[in-house]
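In order, the protein sequence lines correspond to chains A and B. Quick note on numbering: the first sequence equals residues 1 to 291 in the working numbering. Quick note on numbering: the second sequence equals residues 1 to 257 in the working numbering. Since the structure comes first, as structure tokens, the remarks are kept for the end.
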Amino acid sequence: MADPVPPHDHGFRRSRILAGAGGRWTAALTSSLIALASTAVVVGLLVWLIPKSKGFEEVKATFFDRAQFRDSFDGIGEAFKTNIKLFMVVEAIVLVLALVIAVMRSLPGPVFFPVRALAVIYADVFRGIPTILLILLLGFGVPALQVEGIPSDEMFWGGVALVLVYSAYVSEVYRAGIDSVHPSQDAAARSLGLGRFRSLRHVVLPQAVRRVIPPLLNDFIGLQKDTALVFQLGVVEALNQASIDASATFNYTPYLVTTVFFLAITIPMTRLTDWLIARDRRRRQAGGAIA
Amino acid sequence: MTGDAGLVIEGLHKSFGRKPVLRGIDLAVEPHQVVCLIGASGSGKSTLLRCVNLLEPIDAGRITLGGEDITRRGVRVNAVRRRVGIVFQSYNLFPHMPVLRNVTLGPVKALGRSRAEARDEAMALLERFGLADRARDYPDRLSGGQQQRVAIIRALAMRPELLLLDEITSALDPELVADVLEMIRDLAEGGMTMVIATHEMGFARDIAHRVCFLDEGQILEEGAPERIFTAPQEARTRRFLQRVVDAGRMDGGRGGT
Ligand SMILES: Nc1ncnc2c1ncn2[C@@H]1O[C@H](COP(=O)(O)OP(=O)(O)OP(=O)(O)O)[C@@H](O)[C@H]1O
Ligand SMILES: [Mg+2]
């Protein structure tokens with residue numbers, strides 16, 4: 001791009017840049033101070049107000065019991081491994097199944113109409129059922145059938161329910177990615193004699209998946225939390241362990257322990273996702289400036 | 001490098017919805033011939049090229065390539081496309097692969113050549129057209145002219161019998177046009193059979209064995225470039241060329257080479 005500022009204006013421009021740099025520095029400092037001050041005020045108010053509430057002593061005793069926290073920590077940590085395992089297995093299956101559904105939905109032409117219809121129905125149905133309801137339906141319903149050769153394990157069916165629901169969501173994420181790749185990319189691949197699926201595999205999907213990594217991670221944060229729902233089936237995972245501990249002692253601190261465990265994995269994932277989104281935006285803006 | 005019977009288009013019709021875009025095209029391109037398609041925007045040049053590469057289904061007519069009817073029912077579309085290269089105005093390189101992989105993707109995945117062979121051939125082509133040092137770069141690091149030359153190399157790597165070029169310099173800054181045209185001239189001298197849609201009249205006059213003037217989906221006039229450019233028979237051809245002269249595009253492609 002040509003420099004629009006004529007030479008005799010350089011002095012003017014330099015002074016503005018200096019002022020700009022100084023201004024930016026001061027502005028940053030000011031906003032940090034403001035943020036710090038307002039945080040201090042809010043936290044101060046909470047610390048001052050909450051203990052004044054009528055039920056505070058009781059809540060403190062039932063939810064923030066130090067000894068209880070220590071006692072239930074290991075047991076819940078152990079049970080939390082079940083959540084992690086469930087999450088890992090379900091996530092791996094969802095990543096693949098959702099991709100298959102998204103690809104089914106992207107196939108063009110009248111020949112593939114039944115395939116597309118199937119994919120649409122799938123996505124509509126399983127996004128429409130409350131997750132907890134599907135877990136109950138499958139987790140209690142299927143084992144009750146007592147069919148020979150079908151697993152009757154609740155955890156298994158809880159996992160199946162999560163796979164079904166999350167594959168529906170994630171297939172939509174993939175689909176948005178596939179749609180965002182310009183048709184000329186497919187045309188270029190096809191014109192080289194690559195078939196429909198080779199073009200998808202080597203040209204369209206790699207670009208599509210790269211673009212949807214942040215929203216994919218977002219859905220997986222949801223999945224991490226929703227592993228706790230299988231507690232309704234009696235599976236001993238972190239939430240169930242907490243409720244067992246809590247009912248044994250009439251103290252709710254175990255729920256706090258479970259909360260801490262969940263936050264320990266969801267917050268890093270959330271930060272990572274936000275960072276990726278921000279990086280993406282920066283890249284796109286940089287790309288836009290070049291183009 | 002080229003087949004035996006070239007390209008023959010007979011009675012080709014094509015509509016988009018109710019809108020007729022190609023209305024009875026007859027065109028024969030012999031092996032090693034270069035045919036340039038000229039004509040106003042919307043006259044159907046791109047559509048014609050896309051039909052030859054089977055990127056658009058046709059409504060009526062027949063296209064034969066090397067003696068084989070490629071528009072018959074049940075033709076193996078991918079096999080035909082492997083024999084016909086096409087380069088688009090907007091390059092359409094694959095942005096997620098380095099230049100070298102852009103060039104080897106077709107040979108490896110569509111032709112089933114070995115990676116090593118495809119690489120060697122790709123490097124030889126990149127070398128020949130002065131792009132060997134960019135083999136490892138991603139397309140967005142390259143200038144428009146370089147990207148377009150890579151797109152041409154990508155098509156050449158398939159060793160096509162026929163190369164279709166669709167206004168490949170229209171998206172380029174003027175100073176980048178010459179390199180690309182030089183490359184095409186090189187290919188023409190090497191005997192590549194080509195059909196070229198272009199707005200660069202000077203270039204068409206220079207390189208074409210035959211020029212076809214396309215007007216509202218029909219080939220209104222065709223002949224040797226000297227005749228079309230100096231003594232056009234049809235009033236519409238004269239009007240089109242007059243407009244081109246007025247726009248100062250008559251000499252495009254001659255300068256800088
Ligand atoms: N996919 C499509 N759907 C509907 N109409 C189309 C499509 N592609 C092209 N057309 C129409 O067909 C006509 C011919 O288009 P085409 O792109 O072949 O012209 P062209 O000669 O290549 O023009 P230009 O010089 O602008 O590239 C135009 O009127 C265009 O609007
Ligand atoms: Mg066109």
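Glycine included, C-beta positions come from ideal geometry on N, C-alpha and C. Values in this document were obtained by computation on a predicted structure and should not be read as measured data.
- Task: Out of B:Gly39, B:Leu65, B:Glu175, state which residue places its alpha-carbon closest to the alpha-carbon of B:Arg81.
- Result: B:Leu65
- Helix, strand or coil at A:His202 according to DSSP, with G and I counted as helix: helix
- Query: Does DSSP classify B:Arg82 as helix, strand or coil?
  - Reply: helix
- Could you work out which residue in B:Arg159, B:Arg210, B:Pro95, B:Lys109 is closest to B:Asp137 when comparing CA atoms only? B:Pro95
- Query: For A:Val235, which of helix, strand or coil comes out of DSSP?
  - Reply: coil
- Have a look at A:Glu58, A:Pro214, A:Asp71, A:Gly75 and flag the residue whose alpha-carbon is nearest the alpha-carbon of A:Val236. A:Gly75
- What residues match up with B:Met194 in a beta bridge as DSSP calls it? B:Val34, B:Leu163
- Message: Is the separation between the beta-carbon of B:Gln146 and that of B:Ala171 shorter than 9 Å?
- Response: no
- Going by DSSP, name the residue or residues bridged to B:Glu222. B:Cys212
- Message: Measuring alpha carbon to alpha carbon, tell me which residue in B:Arg62, B:Val87, B:Gly85 is nearest B:Val75.
- Response: B:Arg62
- the segment 181–201 of chain A: which residues have C-beta closer than 7 Å to a C-beta of chain B, in chain order? Ser184, Gln185, Ala187, Ala188, Arg190, Ser191, Leu192, Gly193, Leu194, Gly195, Arg198
- Residue interval of the beta strand (DSSP E) (run including B:Pro95): Where B:Pro95 is concerned, there is no enclosing beta strand (DSSP E), given that its DSSP letter is neither H nor E.
- Residues proximal to ligand 2 by C-beta, any heavy atom closer than 7 Å: B:Lys45, B:Ser46, B:Gln89, B:Asp166, B:Glu167, B:Ala197
- Endpoints, alpha helix (DSSP H) assigned at A:Thr62: 56–63
- Query: Any beta-carbon of chain A closer than 9 Å to the one on B:Gly3?
  - Reply: Annotation note: pLDDT 42 at B:Gly3 (below 50); position unreliable, coordinate value reported separately. By this cut-off, B:Gly3 is not an interface position.
- Within 9 Å, strictly: CB atoms of A:Leu86 and A:Gly141: no
- Ordered along the chain, which non-local residues of its own chain (more than five positions away) have a Cβ less than 7 Å from that of A:Tyr102? Going by the sequence as given, residue 102 of chain A is Ala instead of Tyr. Only Ser171, Tyr174, Arg175, Ile178 meet the Cβ criterion.
- Under the three-state reduction of DSSP, which class applies to B:Gly61: helix, strand or coil? strand
- Can you give, in chain order, each stretch of the alpha helix (DSSP H) that sits fully within the segment 66–141 of chain A and has at least 4 residues? 66–106, 113–128
- Message: Between which residues of its own chain and B:Phe88 is the CB-CB distance below 8 Å, once the five residues before and five after are set aside?
- Response: Ala151, Asp166, Ile168
- Message: Can you determine whether any heavy atom of ligand 1 sits closer than 8 Å to the C-beta of B:Leu54, and answer yes or no?
- Response: no
- Message: What does the alpha-carbon distance come out to for the pair A:Val212 and B:Ala40?
- Response: 41 Å
- Starting from the Cα of B:Gln33, find the closest Cα among B:Pro174, B:Gly144, B:Gly67, B:Glu161 and give me that residue. B:Glu161
- Message: Give me the subset of the segment 200–216 of chain A whose CB atoms are less than 8 Å from a CB atom of chain B, sorted by chain position.
- Response: His202, Val203, Pro206, Gln207, Arg210
- Task: State the start and end residues of the unbroken beta strand (DSSP E) segment that holds B:Arg23.
- Result: 19–29
- Does ligand 4 have a heavy atom nearer than 8 Å to the CB of B:Gly191? This structure lacks ligand 4; its bound ligands are ligand 1 and ligand 2.
- Task: Under 8 Å Cβ to Cβ from A:Val125, same chain only, skipping five residues before and after it: list those, please.
- Result: Ala168
- Distance between beta carbons of A:Leu138 and A:Val160, contact taken as under 8 Å: 6 Å
- Cutoff 7 Å; reference A:Leu216; Cβ partners in own chain excluding five residues on either side: Val170, Val173
- Backbone secondary structure at A:Ile265 - three-state DSSP: helix
- Message: Is it the case that the segment 224–235 of chain A contacts the segment 39–52 of chain A, given that we only count it when at least three CB pairs across the two stretches are under 8 Å?
- Response: no
- Task: Can you say whether A:Glu91 is buried or exposed, counting buried as having 16 or more other CB atoms within 10 angstroms of its CB?
- Result: buried
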